[in-house]
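Residue numbers (my numbering), protein chains in the order written: chain S, 5 to 208; chain F, 5 to 208.
No residue lacks a Cβ here, since even glycine has one placed at the ideal position from N, Cα and C.
One structure is given here, and the rest of the page talks about it.
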DNA sequence: TTTTATTTACGGGACGGTATCGTTAATTGA
DNA sequence: TCAATTAACGATACCGTCCCGTAAATAAAA
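Structure representation (structure tokens):
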């Protein structure tokens with residue numbers, strides 16, 4: 005990326021972000037092995053050497069793009085999780101979460117990340133560290149809260165429960181005939197209900 | 005593929021299988037975008053034209069290669085599922101299933117299939133129809149059985165429960181630091197237990 | 001029945017064209 | 001004045017097609 009102050013012409017930070025954005029787009033469109041430095045440079049409106057000067061290769065560039073340029077949806081603060089009941093947090097977040105998860109962008113990114121997990125583990129590692137782990141810790145806090153309340157079975161491993169929820173949803177959106185946002189909302193409720201994190205309101 | 009009886013020299017069926025095998029290998033190694041007809045032909049020991057004579061393009065070829073992959077894990081017959089208790093079926097199958105699912109081959113194929121789900125839906129559709137659906141029907145039968153017995157909550161949607169089990173496992177094997185067979189066995193038991201399909205034996 | 005002609009499959013390789021690679025040279029700008 | 005940048009470079013890979021010489025089957029003729 006942009007180096008420290010040197011003597012000659014400084015690098016343009018906007019160039020960095022343009023390259024990273026182009027890299028993420030092309031990763032999603034074509035995957036790691038389908039994307040090329042040449043395309044990324046072209047889409048960023050930049051010469052190839054401008055890319056090579058900053059990153060040693062495709063993998064490093066895409067990994068950093070995954071770290072830095074994925075739009076983050078809003079996550080409740082840890083304090084909220086401690087204070088509020090899981091049921092309340094979940095009911096407040098579910099519609100937006102369903103919308104996000106059912107979107108074509110999420111589907112595409114999820115597919116490409118999964119597809120790269122074995123051949124390019126560093127990519128998945130970056131995604132895991134920067135995007136998944138923070139959310140998992142939040143979910144684990146919610147689950148522990150719910151286990152104290154008795155809604156979730158106390159002997160269950162929170163990591164396994166999280167995998168079941170996340171795995172079901174990600175797997176569902178990659179299946180043929182993926183759900184739209186409304187169907188996804190019902191689906192997530194069914195999953196959470198099975199775990200014990202959600203109880204349907206009487207009227208719905 | 006090999007056409008019906010014609011006038012001239014018939015096509016060699018072994019050539020078909022050699023091409024399909026090479027196509028599946030290269031799909032797993034490099035993904036749809038990374039594989040090429042040229043490589044597939046070379047690995048199969050065959051001229052390019054011999055491939056083009058049978059398939060119109062990479063996608064069709066790989067789709068058929070995925071269809072015809074013969075998974076060697078044994079599936080219990082539907083009669084077994086009706087007759088035996090789910091607990092018994094599961095306990096009998098779990099160790100082999102854990103071994104399969106934790107293997108590098110399964111991880112790699114799973115990653116590539118997921119990775120192609122959005123960009124090449126026909127590929128996922130072929131996999132779904134030929135490999136996933138039959139197993140889902142078996143699992144659904146087991147779940148209905150278990151719901152009658154009261155082990156699994158009767159109001160739960162079997163499709164959702166299957167997604168939770170399959171999703172958790174596939175997601176788990178694609179995470180950084182994937183489990184070995186022994187750890188996978190414990191993991192699957194935890195998942196099944198949460199669903200209600202498994203109860204740990206007293207001594208273990 | 002035997003021979004010959006015809007037809008298709010096959011491995012191998014060449015083709016014109018395009019895309020990508022990583023490097024080198026020339027230009028631009030703070 | 002020095003680093004950033006663009007453009008050009010040769011090399012390699014792949015595409016889809018075509019041709020060569022050979023092999024293997026069927027169909028027609030002797």
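Distance, residue j Cα to residue i Cα
i             : j             : result
residue 26/S  : residue 59/S  : 14 Å
residue 20/F  : residue 137/S : 45 Å
residue 174/S : residue 111/S : 8 Å
residue 181/S : residue 23/S  : 34 Å
residue 15/F  : residue 124/S : 39 Å
residue 147/F : residue 178/F : 26 Å
residue 76/S  : residue 131/S : 12 Å
residue 167/S : residue 57/F  : 45 Å
residue 164/S : residue 184/F : 16 Å
residue 161/F : residue 194/S : 8 Å
residue 54/S  : residue 142/S : 39 Å
residue 7/S   : residue 128/S : A caution first: residue 7/S carries a pLDDT of 49, below 50, which makes its placement in the model unreliable, though a value can still be read off. Each residue's Cα considered, the two are about 26 Å apart.
residue 190/F : residue 65/F  : 38 Å
residue 133/S : residue 122/S : 16 Å
residue 13/F  : residue 28/F  : 27 Å
residue 92/F  : residue 155/F : 13 Å
residue 62/S  : residue 106/F : 29 Å
residue 45/S  : residue 46/F  : 32 Å
residue 70/S  : residue 135/S : 9 Å
residue 89/S  : residue 139/F : 38 Å
residue 72/F  : residue 187/S : 33 Å
residue 144/F : residue 49/F  : 43 Å
residue 10/F  : residue 126/F : 30 Å
residue 151/S : residue 157/S : 6 Å
residue 205/F : residue 109/S : 44 Å
residue 2/F   : residue 68/F  : What the structure shows of chain F is the stretch from 5 to 208, and residue 2/F is not part of that stretch, so it cannot be assessed.
residue 86/S  : residue 97/S  : 16 Å
residue 4/F   : residue 51/S  : In the structure as shown, chain F begins at 5 and stops at 208. Residue 4/F is therefore absent and cannot be evaluated.
residue 81/F  : residue 95/F  : 16 Å
residue 30/F  : residue 83/S  : 49 Å
residue 208/S : residue 159/F : Any reading at residue 208/S is ruled out, since the residue's pLDDT is 49, under 50, leaving its predicted position unreliable.
residue 18/S  : residue 192/F : 47 Å
residue 176/S : residue 153/F : 27 Å
residue 149/F : residue 149/S : 33 Å
Within chain S, partners of residue i - CB distance below 7 Å
i             : result
residue 125/F : 180
Within chain F, partners of residue i - CB distance below 9 Å
i             : result
residue 50/S  : Residues of chain F passing the Cβ test: none, with the nearest at roughly 23 Å.
residue 132/S : 179, 180
residue 35/S  : 35, 36, 37, 38, 119, 120, 123
Any non-hydrogen atom of the ligand FAD closer than 7 Å to residue i Cβ
i            : result
residue 93/F : Ligands displayed in this structure: none; no statement on the ligand FAD is therefore possible.
Interface residues of chain S facing residue i [CB-CB closer than 9 Å]
i             : result
residue 174/F : 118, 171, 174, 175
Residues that residue i contacts on chain F, provided the C-beta gap is smaller than 7 Å
i             : result
residue 129/S : 180
For the 8 Å Cβ check, are there 3 or more pairs between the segment 31-45 of chain F and the segment 28-41 of chain S?
yes
Is the segment 108-124 of chain S in contact with the segment 165-172 of chain F, if contact means three or more CB pairs nearer than 8 Å?
no
Are three or more beta carbon pairs between the segment 117-125 of chain S and the segment 191-208 of chain S nearer than 8 Å?
no
Using Cβ-Cβ distances below 8 Å, what residues of the segment 139-170 of chain S are close to chain F?
157, 160, 161, 164, 165, 167, 168, 169, 170
Chain F contacts from the segment 183-203 of chain S (Cβ-Cβ distance under 9 Å)
Listed in sequence order: 191, 194, 195, 197, 198, 199.
Does the segment 41-52 of chain F come within contact of the segment 100-111 of chain F, defined as at least 3 CB pairs closer than 8 Å?
no
Could you name the residues of the segment 95-120 of chain F whose beta carbon sits closer than 7 Å to any beta carbon of chain S, in the order they occur along the chain?
Going along the segment 95-120 of chain F in chain order, one finds 111, 112, 115, 116, 118, 119, 120 with a Cβ nearer than 7 Å to chain S.
Where the segment 52-64 of chain S meets chain F: residues whose CB sits under 7 Å from a CB there
none
Check each residue of the segment 75-90 of chain F: if its Cβ is closer than 9 Å to any Cβ of chain S, include it; give the result in chain order.
none
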